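Novice: Going down the list, the protein sequences come from chains A and B. Using the working numbering, you'd call the opening residue of the first sequence number 1 and step up by one each time. Using the working numbering, you'd call the opening residue of the second sequence number 1001 and step up by one each time. Heads up, the beta-carbon is just placed ideally off N, CA and C, and yes, glycines get one too. Treat the numbers as computed from the prediction; the structure is a model and nothing was measured. Please find one structure pasted underneath; my questions will follow.
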Amino acid sequence: MKPTDTSNPDYFHKVVDCQRGCPAHTDVPAYIRMIAQGEFSDAYMENRKSNVFPGILGRVCDRPCEPACRRGRVEDKPVAICRLKRVAADHRDDITARLPKAPDTSNGKKVALIGAGCASLTVANDLAPLGYEVTIFEALQTTGGLMRTNIPQFRLPPKVLDEEIGYILDMDVDLKLNHPIDSLKGLLDEKFDAVFVGTGAPRGKNLEIPGRYDSENIHIGIDWLESVAFEHTKSIGKRVLIIGVGNTAMDCCRTSLRIGADDVKVMARKPRGYFKASDWELEDAEEENVEILINHSPKDFVIENGRLVGMTFEMMEYNIDENGRIDRGTVVGEKIIPCDDVVLAIGQDNAFPWVERDIGIEFDEWDCPIVNETTMMCGRDGVFFGGDSAFGPKNIIWAVEHGHQAAISIHRYCQGENIEDRLPDGLNLASQKMGMHEWSFSNDYDAASRRLMPHVDLKERFKQINIEVELGFTAEQAVEEVERCLNCDIQTVFTADLCIECDACIDICPVNCLTMTSNGDEDDLRTRLSAPAENHEQDLYVSAELPQTGRVMVKDEDLCVHCSLCAERCPTGAWDMQKSTIKIPYAKDELPKETPRLVAESGT
Amino acid sequence: MSFIAKPKITHPGIPKNKLGLTARDYEGTVSTLCAGCGHDSVTAAIVQAVFELGIEPHMLAKMSGIGCSSKTPAYFVSQSHGFNSVHGRMPSVTTGANAANRDLMYVGVSGDGDSLSIGVGQFVHAIRRNLNMCYIIENNGVYGLTKGQFSASADIGSKPKKGEPNNQEPIDPVSTALSLGATYIARSFSGDKEQLVPLIKGALMHRGFALLDIVSPCVTFNDHEGSTKSYAHTRQFYHHVVDMDYVPPAEEIKAAYAEGDAMPIEMHDGSTIVLRKVDKDYDLTSRSSAFKFLRERFNAGEITTGLLYLDESRAEMHELMGNIDSPLSQLPLDGLHPGGKELKKLQNRYR
């Protein structure tokens, strides 16, 4: 293999699995270290830079960072990254003075954002401080979009939403509530320099089976949740069936329990392991005694005397091949399950009845607009999409990332620059050596297991619909959990010229990541390392030829716990622990740089 | 030294031996030697060898004297027996231990100071009595613990970090052992585990005195230009003469060897050492020709390595003394200590 090119920011970025896994690339290890030092406000601001809504996401993020977390490969449970984010939000001081502000004078450009959800709010957050005049058009009487209407208050209190959305609206953003846009063409005729569509995927999927329209007690999940959120719906029958087993289904079943149901069953068509819901949402629902029935495929609604009395299900059996692929299944029987209400939570679709089809925007077969995945611009110049409205239902953190990218594009577009020509990611490396065997970070591996999130007592939590179930980590729990972070951003950096091939690093490495051997191609090298290197998603870090023998140093990045012992045992400093800071560009970075400051920015 | 312990966490894919243990289970405490010390690599090689042999930790005794080298038994196989003796007296203490319990496997770790200066008298007599042990000399040519003075193994012309080059003849442990009749003699280099691990395995399983002279650079006081025991110098003048593989009893010899290249030698426990001659001129079964060959190469500045001499036929200490098979430590007191009356009888036999 050729020596690894570590000047490409991508290489070290991949080592920071959590940051890489996060669509918005939040610098997770950096903020966890801030929490460890009690710098909660700093940790909050570090989060806000990339994910904009730390308090919200610290509760309800889909947390792609956690399955990516290296700790999950080394042991079985990842660091509780998401809930540590909430720790930063819960314990921060008043940070309003540190927030970006709109300048006194506008730059004369006007941007319209449709929908007041996370995507649009992120665009506003990035553009308002640059002097853009931002107007948000929202169809409902309140902000937040699906974050407010679809996520129940017992998971995400309105106060948290109001506060973090308020930070953005306070940047002189013009918010027009109760202002649905009926025609994009009409809006385009107004004097806006750019338009951003962040209207989500607002149409819940229907289930067209016999009896569907014969009862008032069959509800579409996301519409029903919205109706509960706005207190139009205040009760439900005792026995409720939830169809579908995604995260919306989890919110529906837990909401049902709080407004009158006492027997809630989630009906899954497939076996466990093929559920769409996140593991932790399943756990939380099951903790509340929700029953999940597998291999039940809905057949029809049973209506007696005009009243819904149950549902018929086909009992399924599946064949699963060795790769875990599941077939369509065969019907092996039928079963009627009695119920009073049914909530359909089987997915969402995009819907753009208000977008004319003759204005240069193309749509695909699923009614999703054709949008450039980098620039977020559609076929019509000056119109940008983001969040669920761009590529179908994803999650909040993806919407935030779309918002950041759209903001860069909108800025370049309004300044008459090529929107494809974007700033590349940057990389900064800084040695963390403080003394002979001292590092600027807590390098000692802590074998503690993942802390459990404390919950409100099972009886207590059902008394009102808005009692937040998760209590947040206590200070003691946070202290233990932060130490579980492996500081993957503190990179092991190797300088081949300095190596005397004494083997000290190889002998000390607790997880056998290091090998000195003759060079070969990757597949060959992977078979000749100190320990099996079977995770091909993780790179091999290959050095230049070593001075004394011409062999190469190979590091399998997979299970490195960043304990820094290789660097401690290295007599020549060939191994060093260096913090990599991946510089992700935002819209503000597009502005001309100020006169260089004499004092270097204080690093973290 | 490092202040944090090596984390207990392991790679899930590392192999287990016949006892179900991993190499990590044969580790000791974290080394307090200088970072980059050759001795730490030797320690790692011992861990690997003992792991691969599947030795039960409680059947191993680690013996040492004084010096950087003699600290290292603390860094491997924590759950074994050990004795850290007076400077240079490890061979006598090991003799005593072995006399009392011949069932244990003895590994002595010493240095060029401990064995070739203060302890040279002890060293040579342990060889003469063919004490059944693996005797490792971690040879770096200097007294590291007292800041780098030349030791008795320093080569003529070798330069110190500061001061004048050495002009006294070095003691070569390999030729010394050869002249005294050691039965397993090898030289290796701390930076060559591929060669070193099988040599240690062979030495541990050999019945009799096995000497391993291991060039183990002192990274702090003897790794500079002009030193003949540095990493760079050793690598430059390093020659494999005879390599070997250790094949445990009842295991098939699997590796493929070119005909004429490999020579299997059966050992006392039924295991096999397969010798692979790198240098065709070398005969490792003849003391006189081995001596000549090694001297010539030494004069040419070469560092000859590998299994340099092997004699499986000579009796070890207990056999020479005609001792019983079971360890003396397991004899009941009246058998071990027949009493004054019996002693009188014995003495009378020689009057």
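1) Do Y1135(B) and L1199(B) have their beta-carbon atoms positioned less than 8 Å apart in this structure?
2) Please give the ranges of any beta strand (DSSP E) in the segment 181-248 of chain A, keeping only runs that are unbroken, at least 3 residues long and fully inside the region.
3) Excluding sequence positions up to five away, which residues of its chain have a Cβ less than 8 Å from the Cβ of I209(A)?
4) So which residues on chain B does V74(A) lean against when the C-beta distance must stay under 7 Å?
5) Taking Cβ-Cβ distances shorter than 8 Å, what residues in chain B pair up with N519(A)?
6) Can you give the beta carbon distance from K1193(B) to A1045(B), rounded, assuming they're within the 8 Å contact cut?
7) Quick check: the segment 143-163 of chain A against the segment 420-427 of chain A, are at least 3 beta-carbon pairs closer than 8 Å?
8) Verify the CB distance criterion: does V482(A) have a CB-CB separation below 8 Å to chain B?
9) If you compare alpha carbons, which of E1319(B), P1012(B), F1150(B), G1036(B) is closest to T1220(B)?
10) So if DSSP puts I1055(B) in a beta bridge, which residue, or which two residues, is it bridged to?
11) How far does the alpha helix (DSSP H) with T1234(B) in it reach, from first residue to last?
12) Less than 8 Å between the beta carbons of N395(A) and C368(A), yes or no?
13) At a CB distance below 7 Å, what residues from the segment 537-551 of chain A approach chain B? Give them in sequence order.
14) Taking 8 Å as the threshold (beta carbon to beta carbon), is I1273(B) in contact with chain A?
15) What residue does the alpha helix (DSSP H) around Y11(A) start on, and which one ends it?
16) Measure from the C-beta of D1040(B) to each C-beta in chain A and report whether the shortest distance is under 8 Å.
17) Which residue marks the beginning of the beta strand (DSSP E) containing Q477(A), and which one marks its end?
18) Verify whether the separation of the beta carbon atoms of G567(A) and M577(A) is less than 8 Å.
19) How is L1212(B) classed by DSSP in three states: helix, strand or coil?
20) Here's a check: name, in chain order, each residue in its chain whose Cβ is nearer than 6 Å to the Cβ of T581(A), leaving out the five neighbours to either side.
21) Would the beta-carbon of A448(A) fall within 8 Å of that of E476(A)?
22) Which whole runs of the beta strand (DSSP E) in the segment 243-329 of chain A are 3 residues long or more, in chain order?
23) Do G260(A) and S278(A) have their C-beta atoms within less than 8 Å of each other?
24) Over the uninterrupted alpha helix (DSSP H) stretch that includes E164(A), give me the two end residues.
25) Is it buried or exposed for A1315(B), if we count other Cβ within 10 angstroms and need 16 for buried?
26) May I ask you to report which of helix, strand or coil DSSP gives K1280(B)?
27) Answer yes or no: does any C-beta atom of chain B fall closer than 8 Å to that of H296(A)?
28) Is DSSP giving A1203(B) helix, strand or coil here?
29) When the Cα of T1304(B) is compared with those of E1312(B), E1225(B), R1235(B), L1336(B), which residue comes out closest?
30) What does DSSP give as the partner residues of R1187(B) in its beta bridges?
31) How many Å lie between A1074(B) and A1290(B) at the Cα?
32) Can you tell me where the alpha helix (DSSP H) with F40(A) in it begins and where it stops?
33) In or out: R1349(B) buried (at least 16 other Cβ within 10 Å) or exposed?
34) Which one or two residues does DSSP pair with E1266(B) in a beta bridge?
35) Of all the residues that make up the segment 489-523 of chain A, which are near chain B by a beta-carbon distance shorter than 7 Å?
36) Restricting to Cα atoms, I'd like to know which of A1210(B), S1069(B), M1133(B) is closest to G1396(B).
Specialist: Inspection of the coordinates gives the following:
1) Here residue 1199(B) refers to the residue found at position 199 of the second sequence. Here residue 1135(B) refers to the residue found at position 135 of the second sequence. The criterion of a C-beta distance shorter than 8 Å is not satisfied by L1199(B) and Y1135(B).
2) Positions of the beta strand (DSSP E) runs, each at least 3 residues long and wholly inside the segment 181-248 of chain A, are given as 194-197, 218-220, 239-243 in order along the chain.
3) Within the first sequence, the letter at position 209 stands for residue 209(A). Only P298, K299, D300, F301 meet the Cβ criterion.
4) Mapped onto the first sequence, residue 74(A) falls at position 74. By Cβ distance, chain B contributes I1009.
5) Taking the first residue of the first sequence as position 1, residue 519(A) is located at position 519. For N519(A), there are no C-beta contacts with chain B under 8 Å, since the nearest C-beta of that chain is about 16 Å from it.
6) Locating residue 1193(B) in the second sequence gives position 193, where the first residue counts as 1. Locating residue 1045(B) in the second sequence gives position 45, where the first residue counts as 1. Confirmed, about 5 Å.
7) No contact exists between the segment 420-427 of chain A and the segment 143-163 of chain A.
8) As a working note, residue 482(A) is residue 482 in the first sequence. Answer no: the Cβ-Cβ gap between V482(A) and chain B never drops below 8 Å.
9) Taking the second sequence and counting its residues from 1, one reaches residue 1220(B) at position 220. Comparing Cα-Cα distances from T1220(B) to each of E1319(B), P1012(B), F1150(B), G1036(B), the minimum goes to G1036(B).
10) The residue labelled residue 1055(B) in the question sits at position 55 within the second sequence. Answer is none; I1055(B) lacks a bridge partner.
11) In the second sequence, the residue the question calls residue 1234(B) occupies position 234. Its alpha helix (DSSP H) spans residues 1231-1237.
12) Here the question's residue 395(A) lines up with position 395 in the first sequence. Here the question's residue 368(A) lines up with position 368 in the first sequence. 8 Å or more divides the Cβ of N395(A) from the Cβ of C368(A).
13) For chain B, the residues of the segment 537-551 of chain A that bring a beta carbon within less than 7 Å of one of its beta carbons are Q548, T549, in chain order.
14) To locate residue 1273(B), count along the second sequence from 1; it is residue 273. Under the Cβ criterion of 8 Å, I1273(B) is not counted among the residues facing chain A.
15) Position 11 of the first sequence, counting from 1, holds the residue named residue 11(A). Start and end: 9-15.
16) The sequence position of residue 1040(B) within the second sequence is 40, counting from 1. So yes, D1040(B) belongs to the interface.
17) Here the question's residue 477(A) lines up with position 477 in the first sequence. Segment 475-482 is the alpha helix (DSSP H) holding Q477(A); no beta strand (DSSP E) there.
18) Taking the first sequence and counting its residues from 1, one reaches residue 567(A) at position 567. Taking the first sequence and counting its residues from 1, one reaches residue 577(A) at position 577. This sequence places Ala at residue 567(A); Gly is not what is there. The Cβ atoms of A567(A) and M577(A) lie closer than 8 Å to each other.
19) As a first step, residue 1212(B) is located in the second sequence; it is residue number 212 there, counting from the start. Three-state DSSP puts L1212(B) in a strand.
20) Position 581 of the first sequence, counted from the first residue, corresponds to residue 581(A). Cβ neighbours of T581(A) within its own chain (closer than 6 Å, five residues either side excluded): N428.
21) As a working mapping, residue 448(A) is identified with position 448 in the first sequence. As a working mapping, residue 476(A) is identified with position 476 in the first sequence. Going by C-beta atoms, A448(A) is not nearer than 8 Å to E476(A).
22) For the segment 243-329 of chain A, whole beta strand (DSSP E) runs of length 3 or above, ordered along the chain, are 263-267, 291-293, 296-304, 307-317.
23) Locating residue 260(A) in the first sequence gives position 260, where the first residue counts as 1. Locating residue 278(A) in the first sequence gives position 278, where the first residue counts as 1. In this structure, the beta-carbon distance from G260(A) to S278(A) does not fall below 8 Å.
24) The sequence position of residue 164(A) within the first sequence is 164, counting from 1. That run of the alpha helix (DSSP H) goes 158-169.
25) Position 315 of the second sequence, counted from the start, is the residue given in the question as residue 1315(B). A1315(B) sits exposed, since fewer than 16 C-beta atoms from the chains shown fall within 10 Å of its C-beta.
26) Position 280 of the second sequence, counted from the start, is the residue given in the question as residue 1280(B). In the three-state reduction of the DSSP assignment, K1280(B) falls in the coil class.
27) In the first sequence, the residue the question calls residue 296(A) occupies position 296. No, no contact with chain B.
28) For the purposes of this step, residue 1203(B) is identified with residue 203 of the second sequence, where counting begins at 1. A1203(B): helix per DSSP, three-state reduction.
29) Residue 1304(B) sits at position 304 when you count from the first residue of the second sequence. Among E1312(B), E1225(B), R1235(B), L1336(B), the Cα nearest to that of T1304(B) belongs to R1235(B).
30) As a working note, residue 1187(B) is residue 187 in the second sequence. R1187(B) is bridged to D1213(B), G1306(B).
31) The residue you call residue 1074(B) lines up with position 74 of the second sequence. The residue you call residue 1290(B) lines up with position 290 of the second sequence. Just so you know, the alpha carbons of A1074(B) and A1290(B) end up roughly 35 Å apart.
32) Your numbering for residue 40(A) matches position 40 in the first sequence. That run of the alpha helix (DSSP H) goes 40-51.
33) Within the second sequence, the letter at position 349 stands for residue 1349(B). Result: exposed.
34) For the purposes of this step, residue 1266(B) is taken as the residue at position 266 of the second sequence. For E1266(B), which the question treats as bridged, DSSP gives the partners T1272(B).
35) Residues of the segment 489-523 of chain A with a Cβ closer than 7 Å to any Cβ of chain B, in chain order: I500, E501, C502, D503, A504, D507, I508, P510, V511, N512.
36) The structure shown does not extend to residue 1396(B), since chain B is modelled only from 1001 to 1351, so the question has no answer here.
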